[in-house]
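Start counting the sequence shown at 19; every next residue gets the next number (this note's numbering). Data block below; observations after.
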Amino acid sequence: MRYFYWAVAFLSAALLFIVQPALAKALLPLFGGSAAVWTTAMFFFQATLLLGYAWAFWVARMSQRRARIVHGAGLLASLATLPVTLLPALTGSLGSPPLGRLLLILIAAAGAPALLLSATSPLLQSWYRLRFSEAVPWRVFAVSNAASLAGLLAYPFLLEPRVGVRTQLLLWSLGYAIFAILCSALGFSSTFRREAPQDRARESPPSRPAVMVWIGLAATPAALWMAIANFISQTVAPLPLLWVVFLSIYLLSWVLCFSPLSPYRPRVFRWLLPATIVALAFGMRENAWGFRLVGVLALFCGALLVACVFCHGELYRRRPGAAQLTGFYLSIAFGGVLGAAFVGILSPLVFPNPVELPIATGSLALFGLSLLFHASSRRLLRTGLIAAAALLAANAFEQRAVLSVRNFYGALQVREIGAGASRGLALYNGSILHGVQLLDHARRMEPTGYYGVDSAVGLVLNSVTKPNRRVGIIGLGAGTLAAYGRPGDVFRFYEINPLVIDVARRYFTFLKESPAHIDVVEGDARLQLAAESPRNFDVLVVDAFSGDAVPVHLLTREAFELYERHLAPGGALAVHVTNSYLNLPPLVIRTAHALGYRAQTIASPADESRQVSAALWVIVRGSAPPAPQAHVWTDDHSDLLSVLR
């Protein structure tokens with residue numbers, strides 16, 4: 019019977035952490051591939067964890083018979099929400115704010131199942147303690163987190179490479195139905211001893227300061243892992259693998275710290291934690307990204323593991339007796355929601371710059387000073403505030419931005435770069451360059467950045483000599499490509515981020531001074547193109563970046579079929595594939611071949627005197643024999659591991 023409890027707990031935890039990346043991946047195309055989809059999804063599941071623990075806390079205080087009926091009824095009712103799917107009525111609401119729409123979609127798709135899965139671990143531990151009076155339920159918590167880790171790792175390495183998103187969600191729905199049946203059967207088949215009043219009486223309730231420490235120790239690592247993942251995703255790409263890596267470290271620390279082999283030793287962490295804080299401060303600096311990706315990831319992974327082991331090790335040291343476990347879990351879940359809400363909701367709304375990583379690091383320093391060195395509250399507050407302020411000031415000084423703005427789709431900065439005749443104004447999304455304009459009045463309409471006259475896109479645009487050219491451009495940036503416009507031309511830009519449109523018009527003059535007629539369409543390019551009649555573009559440019567990668571939904575077979583519909587006979591498709599970490603040209607070439615087109619990769623060098631960056635493009639034009647067996651991405655199936663350098 020013990021193994022039945024463990025099996026149900028394992029299944030529930032694994033299911034909870036498989037659905038998170040699966041749902042987030044399904045939602046990415048609806049929100050332009052923004053990394054905020056991941057942070058918002060993580061906040062949603064942290065919130066359902068809190069609600070699930072609150073449900074368990076409530077049910078555990080009922081009579082045994084009533085608890086079984088209530089929880090069983092909840093499980094039965096949740097089956098009515100299956101299979102997990104994205105409601106068309108919500109996914110089609112293009113005009114609504116993205117954050118609210120995303121949360122509504124998540125609630126409708128998986129709210130009830132996620133809540134009941136979250137409730138399972140603390141509820142089963144409570145029942146386990148009553149069924150086996152000599153048992154220590156904390157080990158079940160470690161097993162549950164091990165299952166969460168297993169489910170999470172199964173996604174990128176087993177499910178994503180082999181199974182499409184629709185099939186993933188159908189299989190998950192089947193697994194949840196099996197879980198609901200097993201959990202109900204377990205509840206109704208078990209016989210529990212009655213809990214004597216003295217069992218609770220011999221344990222005094224936790225003090226308010228103790229509960230506050232629990233909440234803080236849970237909030238800090240939750241905020242830290244999400245802040246690190248968000249920071250790197252904005253620099254690399256919103257890859258499921260990156261989020262899985264950092265969330266796995268977070269879960270691994272729970273497993274380690276709540277097991278007999280806990281690595282947490284306060285004496286060791288008195289020197290290890292300060293070194294970790296210094297490493298995090300170094301990793302935030304842009305010059306750290308001169309190192310190879312593997313080195314930077316190793317730095318952040320190591321720092322996150324140390325931070326999480328410290329916080330979760332302290333939580334285990336300060337755990338209450340078994341009778342208070344549901345309240346303990348409720349405090350942990352509340353702290354997790356606070357950390358996730360700060361990174362995923364509050365910070366993008368309040369701060370113009372991504373400051374969540376410096377603040378989370380300052381919080382870590384605060385708890386380290388307090389718990390490892392037993393500092394007084396006044397000294398703790400003063401030192402913690404100084405540390406957080408120093409990190410924020412160093413970050414702000416390093417960036418020296420003319421403008422910093424932020425919304426759901428990313429953090430934009432306008433900075434002055436270069437000197438003398440090559441001095442220019444640059445637009446950055448995170449640390450990725452999205453356009454440059456020279457400040458010299460005589461040269462300010464020169465194409466710069468990845469779009470110089472010797473770049474592939476420049477050569478293609480200049481090769482179309484017919485009058486009244488029609489050019490479509492997916493991704494606006496600073497509007498640099500408008501510099502290629504001629505009188506009578508129509509340049510039509512598609513841009514999902516309204517802040518990018520505003521900044522391009524206010525701080526750069528490419529759109530205003532172009533001789534061509536300029537149209538700027540706000541919204542996701544695929545959704546907009548799908549709703550439009552054929553545009554007969556002579557050139558269609560795909561240049562929409564999310565971090566340092568083109569969003570996946572713009573590289574699928576279905577996307578290329580849509581581009582084909584909007585190209586004029588003999589038209590060319592130019593796909594920007596400059597990327598430090600993803601090898602995208604082979605994928606684009608295979609997709610072009612599958613549709614019967616020729617494709618060529620063209621690289622161009624950098625020229626600092628003209629503020630031109632090294633660029634890599636794939637140009638698709640002309641017919642070729644189709645290659646139907648070519649391995650291409652589709653809307654239902656893509657595998658980012660296959661293109662990772």
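The beta-carbon is built from N, C-alpha and C at its ideal position, and this holds for glycine as well.
Pair within 8 angstroms by beta-carbon distance, residue i and residue j
| i | j | result |
| --- | --- | --- |
| Tyr581 | Gln546 | no |
| Thr294 | Ala321 | yes |
| Pro281 | Val327 | yes |
| Val324 | Ala241 | no |
| Ala664 | Ile536 | Outside the shown range of the chain, which is 19 to 663, sits residue 664, and nothing can be said about it. |
| Gly70 | Ala137 | yes |
| Gly503 | Pro465 | no |
| Ser166 | Val102 | no |
| Ala648 | Arg608 | yes |
| Ala378 | Met60 | no |
| Ile620 | Ala501 | no |
| Phe75 | Leu204 | no |
| Leu265 | Trp243 | yes |
| Ser440 | Glu626 | yes |
| Leu443 | Gln431 | no |
| Leu34 | Leu187 | no |
| Asp472 | Ser631 | no |
| Ala195 | Leu100 | yes |
| Trp272 | Trp56 | no |
| Leu600 | Val559 | no |
| Gly467 | Gly476 | no |
| Phe528 | Leu375 | no |
| Ile233 | Leu364 | no |
| Ala72 | Leu343 | no |
| Ala127 | Leu93 | no |
Supposed contact pair residue j and residue i - C-beta distance, whole angstroms, cut 8 angstroms
| i | j | result |
| --- | --- | --- |
| Ala130 | Ser96 | 4 angstroms |
| Phe526 | Gly497 | 6 angstroms |
| Ala78 | Ser144 | 5 angstroms |
| Leu45 | Leu170 | At roughly 17 angstroms, the Cβ-Cβ gap does not stay under 8 angstroms, so Leu45 and Leu170 are not in contact. |
| Thr596 | Leu634 | 5 angstroms |
| Val557 | Ala590 | 5 angstroms |
| Asp653 | Glu576 | 5 angstroms |
| Val650 | Ala612 | 5 angstroms |
| Pro239 | Pro338 | Pro239 to Pro338, Cβ: 20 angstroms. No contact. |
Cross-strand partners of residue i (DSSP beta bridge)
| i | result |
| --- | --- |
| Gly490 | Arg510, Leu558 |
| Ala444 | Arg433, Val454 |
| Leu662 | Leu600 |
| Val630 | Gly467, Asp625 |
Residue range of the beta strand (DSSP E) that includes residue i
| i | result |
| --- | --- |
| Glu540 | 535-540 |
| Val432 | 428-435 |
| Gln143 | Counting along the chain, Gln143 falls outside any beta strand (DSSP E), though it belongs to the alpha helix (DSSP H) covering 116-149. |
| Ser622 | 615-622 |
| Pro587 | 585-594 |
| Arg639 | 633-641 |
| Gly50 | It is not in any beta strand (DSSP E) - Gly50 carries neither H nor E in the DSSP assignment. |
Any chain B beta carbon closer than 8 angstroms to residue i
| i | result |
| --- | --- |
| Gly589 | Absent from the structure: chain B. Only one protein chain is present. |
Range covered by the alpha helix (DSSP H) that runs through residue i
| i | result |
| --- | --- |
| Gln82 | 82-96 |
| Val420 | Taken as a continuous stretch (DSSP letters only), Val420 belongs to no alpha helix (DSSP H), as it is neither H nor E. |
| Ser381 | 374-391 |
| Val518 | 516-525 |
| Lys530 | 528-531 |
| Leu573 | Here Leu573 belongs to no alpha helix (DSSP H), and DSSP marks it neither H nor E. |
| Asn480 | 474-481 |
| Thr294 | 284-302 |
| Leu4 | The chain is shown from 19 up to 663; residue 4 falls before or after that span and cannot be answered. |
| Ala65 | 54-77 |
| Ile363 | Run containing Ile363: none; DSSP gives neither H nor E here. |
| Gln546 | 543-549 |
The ligand NAP heavy atom lying under 7 angstroms from the CB of residue i
| i | result |
| --- | --- |
| Ala617 | Questions concerning the ligand NAP fall outside what the structure shown contains, since it holds no ligand whatsoever. |
Taking contact to mean at least 3 C-beta pairs separated by less than 8 angstroms, is the region 24-31 in contact with the region 534-551?
no
The region 52-69 contacting the region 117-133, beta-carbon criterion three pairs below 8 angstroms
yes
I want to know whether the region 36-44 touches the region 167-184 - three or more CB-CB distances under 8 angstroms.
yes
Below 8 angstroms, how does it come out for the region 477-486 and the region 448-459: are there three or more Cβ pairs, yes or no?
no
Three-pair Cβ contact test at 8 angstroms for the region 44-53 versus the region 426-435:
yes
For the region 329-347 against the region 273-292, do three or more pairs of beta-carbon atoms, one drawn from each stretch, fall closer than 8 angstroms, so that the two count as touching?
yes
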